[in-house]
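Here the structure comes first, spelled out in structure tokens, and everything after it is commentary.
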Amino acid sequence: MTTDASGVSLQFTLDPNAPVLVALDIDETCSSQDTVDGSRTLGVVTAAVQDAIDRVRASGAHLVFATGRQTDSAVSIARQQGWGDLDMLCSQGAVTVHVGPGAEDFTVTARRTFDARPVIAALVERFPEVRYSVEHRDAGHAVGVHHPQGTVFGRLVGDMTDADAAATTQLMASSTEVSGEDLLRAVEHLGLSCHAFDDLGAGWLDVSPAGVDKAAGLEELRLRYGVPRGNTVAVGDGHNDLPMFAWAAHGVAMGQAAQEVRDAATHVTGSLADDGVVAVLDAVASRAVPVA
């Protein structure tokens, strides 16, 4: 049994003779958001969390980062932290990449697209001031209308073309006048996967292909690596983590998560401020075995 800085105790029942898969959200789970001079940075991972990530990987567990970040931002923080030779689910699960050793290069192993043009049209009709960009197939943002300065981290690859919008993995919309929930209500009738939130003085909406979430990509990886369902652990803090809590045998909510998120988990660990993810990773590492 292991504890984090808040004294939370965690213990999982895992088969020590089978591989283990651990899925980690990034923001507000492993990394705190930070801004410098009004601009968003990649994020801050404490030494304690980084050390725990290293320990669980050394134990032989398959570690997968599952994030709403678009591919460029996700791979950038992997480079910053040296998270190489592992899989990442990006863009709310629409893109799966394998980051190479040394975290310098990455390969897209799965990509799920949709036509964002009807979403953009519905948003602009309701909120003419809305700003938006789509994920370019080479990663980075193809911009329709620029988001508020300093709020988006990621490469800008140029103006959005019709082809970019017709087959993208994620649309990111923002507004400084309405909330993320307001943006969501304008497009929810289209039946796509949406995640609304409010951050840095704006309402935000991430839109992904219908049926795409973190759980779908994790299941593909579970099967690829031959991990029994009972040996799956997922950690997160947001409503977009609920599908992977339902997928995992052991879903762990961060202590600062909303009550609905905590209620959906099988365990609750300490908060981000307490490095709560450390107790989760060490509980897994104590039972995981090297994978051949």
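So the sequence shown is residues 1301 to 1592, counted in our numbering.
Every residue, glycine too, gets a C-beta built ideally from N, C-alpha and C.
Less than 8 Å separates the beta-carbon of Glu1435 from that of Gln1470. For the pair Gly1503 and Asp1325, the CB atoms are not nearer than the 8 Å cut-off. Contact between His1441 and Arg1431 is ruled out by a C-beta separation of about 11 Å, above the 8 Å threshold.
In this structure, DSSP gives Thr1476 a state outside helix and strand, which the three-state scheme calls coil. Burial is judged here by how many other beta carbons sit within 10 angstroms of a residue's own beta carbon; Asn1540 has at least 16 and is buried. Rounded to the nearest whole angstrom, the CA to CA distance from Asp1482 to Phe1427 is 9 Å.
Distance from the CA of Ser1479 to the CA of Ala1548, rounded to the nearest whole angstrom, comes to 31 Å.
Assigned with DSSP and collapsed to three states, Leu1324 falls in strand. In the structure shown, the three-state DSSP call for Ala1378 is helix. For Ser1571, same chain residues with a beta-carbon under 8 Å away, outside a window of 5 residues either side, are Ser1306, Met1554, Gly1555 and Gln1556 in chain order.
Taken atom to atom, the span from the alpha-carbon of Glu1429 to that of Thr1476 is near 9 Å.
Secondary structure of Met1554 (DSSP, three-state): coil.
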